[in-house]
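Take 1 as the starting number for the sequence shown in the working numbering and just add one per residue.
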Amino acid sequence: MLRETDHKFQGADRRFKETDRKFQESQRALAREFRETDKKMKALQELFKGQRGKLVESLVEGDLVHLLERRGVRVYDTSTRA
């Protein structure tokens with residue numbers, strides 16, 4: 001009976017170790033995915049920062065000033081980047 005119990009504990013211990021190993025692998029993979037996602041988000045954020053000015057300039061160069069004035073929003077001055 002003692003041998004049988006010991007054998008069962010050993011089996012349970014092996015399963016716990018295997019589960020722990022798989023969990024650690026999953027944690028590492030998840031950490032890699034988060035790092036990659038962070039890199040992509042930072043790149044998109046930088047792109048947006050750079051492109052936002054161009055977007056606003058193109059709107060102002062277009063008909064935005066006239067549209068705003070038609071709605072009662074006075075535009076006193078506009079400028080563009082060099």
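Ideal Cβ placement from N, Cα and C applies to all residues, glycine included. Quick caveat, the model's predicted, so the values are computed rather than measured.
Under three-state DSSP, which class holds residue i?
| i | result |
| --- | --- |
| D38 | helix |
| G146 | No information on residue 146 is available, as it lies outside the stretch 1 to 82 that the chain covers here. |
| V78 | What sits at residue 78 in the sequence shown is Thr, not Val. T78: coil per DSSP, three-state reduction. |
Compute the Euclidean distance between the alpha carbons of residue i and residue j, then round it to the nearest angstrom.
| i | j | result |
| --- | --- | --- |
| R52 | V65 | 17 Å |
| S79 | L44 | 26 Å |
| L2 | T37 | 52 Å |
| Q27 | L47 | 30 Å |
| Q128 | A29 | It is not possible to answer for residue 128, since the shown part of the chain is limited to 1 through 82. |
| G72 | A31 | 52 Å |
| G50 | L68 | 24 Å |
| D6 | A12 | 10 Å |
Since residue i and residue j are thought to touch, with beta carbons under 8 Å apart, how far apart are those beta carbons, to the nearest angstrom?
| i | j | result |
| --- | --- | --- |
| E57 | R81 | 7 Å |
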